[in-house]
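*Asks:*
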Amino acid sequence: MQQMKMIDISGFTATTCLLLSVLQIPVESFLSGPSRDVRINSARTSLSSTVERKVSNLAESSSNTEPLHAKDPAISRLIGLEEDRQRNGLELIASENFASAAVKEVLGSCLTNKYSEGQVGKRYYGGNEYIDEIESLCMERALDLFGLDPSVWGVNVQPYSGSPANFAVYTALLQPHDRIMGLDLPSGGHLTHGFQTPKKKVSATSVYFESMPYVVDSSTGIVDYDDMERRAKMFMPKLLIAGGSAYTREWDYARMRQIADSIGAHLMVDMAHISGLVAGKVVVNPFEYADIVTSTTHKTLRGPRSGMILERQK
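In UniProt numbering, the protein residues as written are 1 to 314.
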C-alpha cells in the first residue's frame, strides 16, 4: 500500500488553509525554501497574489456580467410581462405601491451579498463597517420621518415585512399563551393580530398566543370602543393592538390608551397601511399614545419591501 505523504502546515492559519483548498492551490507549492519562516512568509505573499488574481478573474467572468435576458430568458420574459401588467393595469390594492428607480437600484446592489446578522457594532460576521453605517443612517431617518426624539424612541429596521415585525413584538413582550386583543378580521383587522376560526389557527399568532378580538359597530362601521373595553376587562390581554388592513376610519388611540392602562396592558399600533399618512401629519399621531409601533416600508411610504419596529424607551 502506498504511504500517504504528510505535509507540515502548522505555520498556516485555518483561513489560509481553507483558501488554499477552495482555490485549489497545492500546499506543497508554498513549502520550498531555505527556512520555515521564509517559506511561511513566502506562502502568505504568494497566496495574497493568487487570491487577488483568482477573484479578479471571477469578477470578470462572463457568467457574472451576462445580462438576465441572456443568462435566463424564461425569467427575463416573465419579469417583462409582470412589468407590463403593472404599467398598463389599474392597481387597486391599497397595500401595494410602485418602488422608485432609486429604491430598485439599492435592492439590486452589492448589499445583497452581505450577511449582517446582529445589531450595529455587534455583528456575528466581519466586514460590516459600511453595513453598520447604512443601518444607522436608516434608523436615524426613520425616527426623523415621524418626528421622534431618539432619546424617547428607538427603532429596529431589520424586519422583512410587517408580519415578522408584529411577531417579533409578540415574542419580545409576551410568553407563549399570553393573551392579546386586536381588531377582528371581518371588521378590517389583520391575520397577525390573532384572528382564528373555531376550526383553524390561521396564523402563528393564534397558534402561540390566546386571542379575543374586538369588533366594529355594524350600524356605523366604527370600532365599538365601549364593547372593546368590556371585552378587555373580561379577557385581560397583556397586549392591546390598534390598526388593521381594511379599516378606513380614524383610530381613537386616546381611548385605547385609557383601556390598556386600566388593565395593565401594553398598547401596540400597527400602522403599516397608514404610515405615509402619519408621516404626512394628516391622521392622528399614534406615537403620542402607543408603547410600540410597527409598520411596513413598501405601502404608503413607497420604499423597499420591508418593515420596522419603533419602541418607546422605558
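Positions of the beta carbon are idealized from the N, C-alpha and C atoms, including for glycine.
Please read these numbers as outputs of a predicted model, since none were measured by experiment.
#1: Round the Cβ separation of alanine 242 and glycine 162 to the nearest angstrom and send it over; I've been treating them as touching at under 8 Å.
#2: State the DSSP-derived secondary structure class of alanine 242, mapped to helix, strand or coil.
#3: Between Val120, Arg179 and Val278, which lies nearest to methionine 234 when the distance is taken from Cα to Cα?
#4: Please list the segments of the alpha helix (DSSP H) lying wholly inside the region 253 to 309, counting only runs of 4 or more residues, in order along the chain.
#5: Could you tell me whether the region 285 to 292 touches the region 252 to 267, where touching means 3 or more Cβ pairs closer than 8 Å?
#6: Considering only their Cβ atoms, is the gap separating isoleucine 131 from serine 116 smaller than 8 Å?
#7: In chain order, what residues of the same chain lie with their CB nearer than 6 Å to the CB of serine 306, ignoring the 5 residues before and after it?
#8: Do you know how far the Cα of tyrosine 125 is from the Cα of valine 207?
#9: Leaving out the 5 sequence neighbours to the left and right, which residues in its chain are closer than 7 Å to isoleucine 222 when beta-carbon positions are compared?
#10: Would tyrosine 247 and valine 284 qualify as a contact pair, given that the criterion is a beta-carbon distance under 8 Å?
#11: In angstroms with no decimal places, state the Cα-to-Cα distance between valine 169 and glycine 80.
#12: In chain order, what residues of the same chain lie with their CB nearer than 7 Å to the CB of valine 202, ignoring the 5 residues before and after it?
#13: CB-CB under 8 Å to leucine 107, same chain, minus the five flanking residues each way: which ones, in chain order?
#14: For a test of the three-state rule: what should DSSP assign to threonine 171, helix, strand or coil?
#15: Leaving out five residues on either side along the sequence, give the residues of the same chain with a beta carbon under 6 Å from the beta carbon of alanine 260.
#16: From what residue to what residue does the beta strand (DSSP E) around valine 215 run?
#17: Mind checking who threonine 65 pairs with in its DSSP beta bridge?
#18: Look at the alpha carbon of proline 237 and the alpha carbon of arginine 141, and state the distance between them as a whole number of angstroms.
#19: Count the other CB atoms, across all protein chains shown, that sit within 10 Å of the CB of serine 262; report buried if there are 16 or more and exposed otherwise.
#20: Give the DSSP bridge partners of asparagine 156, in chain order.
#21: Just confirm the distance between the C-beta atoms of glycine 189 and proline 213, as a whole number of angstroms; I'd bet it's less than 8 Å.
*Replies:* So, to answer that:
#1: The Cβ separation is near 14 Å, so there is no contact.
#2: For alanine 242, the secondary structure class from DSSP, reduced to helix, strand or coil, is strand.
#3: It is Arg179 whose Cα lies nearest to the Cα of methionine 234.
#4: If you keep only unbroken alpha helix (DSSP H) runs of at least 4 residues inside the region 253 to 309, you get 253 to 263 and 275 to 279.
#5: Touching, per the Cβ criterion.
#6: The answer is yes: Cβ separation under 8 Å.
#7: Closer than 6 Å at the Cβ level, and outside the excluded window around serine 306, lie Thr297.
#8: Answer to the nearest angstrom: the Cα atoms are 33 Å apart.
#9: Beyond the five residues adjoining it in sequence on each side, isoleucine 222 comes within less than 7 Å, by CB distance, of Val216 and Arg249 in the same chain, given in chain order.
#10: For tyrosine 247 and valine 284, no; Cβs fall outside 8 Å.
#11: Cα to Cα, the separation comes out at about 38 Å.
#12: The residues are Leu191, Phe195 and Gln196.
#13: Around leucine 107: Ala99 and Pro304.
#14: In the structure shown, threonine 171 sits in a helix (DSSP, three-state: H, G or I).
#15: Here the set comprises Leu240 and Leu267.
#16: Note, valine 215: premise wrong, no beta strand (DSSP E); not H, not E.
#17: Beta-bridge pairing by DSSP links threonine 65 to no other residue.
#18: Straight-line Cα distance between these residues: approximately 33 Å.
#19: With fewer than 16 Cβ atoms within 10 Å of its Cβ, serine 262 is classed as exposed.
#20: Ile309, per the DSSP bridge assignment.
#21: With a Cβ gap of about 7 Å, glycine 189 and proline 213 count as contacting.
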